[in-house]
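Under the working numbering, the very last position in the sequence shown is 521; numbers go up by exactly one each time.
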Amino acid sequence: MAQMVYSIKKNRLKRSYIKGFDLNGDTELVLDKNSLFHEIFLSPLDGVENERYWGRLHFDIRLSEDMIYYVHVLATDQDQYYDDDGRLVDISRYLLDESIDVTRKARFISELGGKRFVGLNDILLYELKGRYLYIGIELYGTEEATISNIKVDAIGDNFMNAFPEIYKERNSFFHRYMSLFSSVYNDMQDEIDHVYEVLDLDTCSTELLVTYGSWLGIDLSGGFLPDDVLRTLVKELYYLSKIKGTKECLTRLLEILIGKEIIVIEHSYLKNFAQNVDTHISEGIGSGSVYDVTVLVKGKVSEELKHQVSFIIDQFKPIRSNITLVQMDNSAVLDSNAFMDMNAMIPHEKQIILDEDVSLDGIITLK
């Protein structure tokens, strides 16, 4: 029989009864510390056919040592039953009713033949049989906790059909023993099936992005880059490493890191130009060695961003070159770092106070 796995994700969780948890992403439930009660009752899983056997319930859970949780599981062919007063009760509606406390729900599941498990997140369901499967989880404690990746394996084992009929007794010691190997096999297969998510630069974790950068010899550790900038940078690292030390590499790096319009000026180019047209270069832009580069940035760059840019650029620039970052005003001002073009203007007088994070340009009067 083909392996059938029910994955409990966002759509089903939204149709379930959840109290004291917040949904994070598609499969993760995060404990709400402000809530006194923490309960989960999932909408029923439909096995399609009556007297359906169930295999294994598994979920990931992280919690502190002083917290405890109970798992309630019920399998039945009927989605309704008659109570002691002869009234027809819908099982799903009863378990998802927020006005009924968890103690009554747990007793209700037990009376219908359900099972309770204490502190287990990997559970064999071989004793349960029925078309509909109902699952409830109650957690006690106020520390941090998460529950995620809830899955139900309809079969539970992969190997029993390979043995003679005499060994196929359900829920026998041999059956449960072989299920250990099936659990390992299924978990390993699940990791293999999702390995593409680990290698996908759009979805993998930040820690993996740093690791991928180290594979190309680039140090991105320290968490100093925003997540979107880090992902964009890692995506282009292979190509940037191939053109390391070039103007194209420097330009693209700065576009990713700064996100502003930039102009890269190679001092060697300016010196060659000056020699050809008999022009003198004054102190300032272009006056360094032939290995130096000046980068003009349109707009202000924070000190934090400057350090980030410097750390990354140092891993790509030629050894003997120095990179100078010059911030340009929106309008060109005479006697400041600006191009002498038709928009140039005489600087305005302005009053400043030291330590106000202002640029010392134009005509400055200290207050």
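In this text, a Cβ means the ideal position worked out from N, Cα and C, and glycines have one as well.
- Query: Whose C-alpha, out of G377, G367, G399 and T400, is nearest the C-alpha of Y392?
  - Reply: Residue G367 is the option with its Cα nearest to Y392.
- Taking 8 angstroms as the threshold, find out whether the region 190 to 210 comes into contact with the region 164 to 180 through three or more Cβ pairs. For the pair of segments examined, the region 190 to 210 was found to touch the region 164 to 180: the number of CB pairs separated by less than 8 angstroms reaches three.
- For F213, count neighbouring Cβ atoms within 10 angstroms of its own Cβ and tell me buried if that reaches 16, exposed if not. Buried, since its Cβ has 16 or more Cβ neighbours within 10 Å.
- In whole angstroms, what is the alpha-carbon distance linking Y294 and S161? The alpha-carbon atoms of Y294 and S161 are separated by roughly 25 angstroms.
- Query: Which residues in the same chain have their Cβ closer than 7 angstroms to the Cβ of I466, if we skip the five residues on either side of it in sequence?
  - Reply: In the same chain as I466, and ignoring 5 residues on each side of it, the C-beta atoms closer than 7 angstroms to its own belong to L407 and L411, in chain order.
- Query: Can R285 and G201 be called in contact, C-beta distance under 9 angstroms?
  - Reply: Going by C-beta atoms, R285 is nearer than 9 angstroms to G201.
- Message: Checking 9 angstroms against the spacing of the C-beta atoms, do H329 and G268 come in under that value?
- Response: It is not a contact, given that the beta carbons lie outside the stated cut-off.
- If we count the other Cβ atoms within 10 Å of its Cβ and call it buried at 16 or more, is G376 buried or exposed? Exposed, since its Cβ has fewer than 16 Cβ neighbours within 10 Å.
- Is the region 256 to 268 in contact with the region 302 to 310, if contact means three or more CB pairs nearer than 8 angstroms? The way I'd put it, the region 256 to 268 doesn't touch the region 302 to 310; fewer than three beta-carbon pairs between them come closer than 8 angstroms.
- Query: For I416, which residues does DSSP report across the bridge?
  - Reply: According to DSSP, I416 bridges with V451.
- How would you write the range of the alpha helix (DSSP H) that G367 sits in, first residue to last? Boundaries of the alpha helix (DSSP H) harbouring G367: T360 to W369, taken from the DSSP string.
- Message: Considering Cα atoms alone, identify which of F175, D341 and G290 is closest to L249.
- Response: For L249, the nearest C-alpha among the options comes from G290.
- Item | For S443, three-class secondary structure by DSSP | Per DSSP, reduced to three states, the secondary structure at S443 is coil, with no helix or strand assignment.
- Query: What span of residues does the alpha helix (DSSP H) with Q343 cover, start to end?
  - Reply: Run containing Q343: F327 to D347, per the alpha helix (DSSP H) assignment.
- Y160 - DSSP class collapsed to helix/strand/coil: Taken through DSSP and simplified to helix, strand or coil, Y160 comes out as strand.
- Message: Determine whether the beta carbon atoms of D381 and T360 lie at a separation below 9 angstroms.
- Response: Inclusion of D381 and T360 in the CB contact set at 9 angstroms is warranted, their separation being smaller than that value.
- By how many angstroms is the C-alpha of D354 removed from the C-alpha of L211? Cα to Cα, L211 sits roughly 28 angstroms from D354.
- Task: Find out if the Cβ-Cβ distance for the pair I215, A299 is shorter than 9 angstroms.
- Result: In this structure, A299 lies closer than 9 angstroms to I215 by Cβ.
- Task: May I have the straight-line CA-CA distance separating L274 from S333, to the nearest angstrom?
- Result: In this model, L274 and S333 are separated by some 16 angstroms (Cα to Cα).
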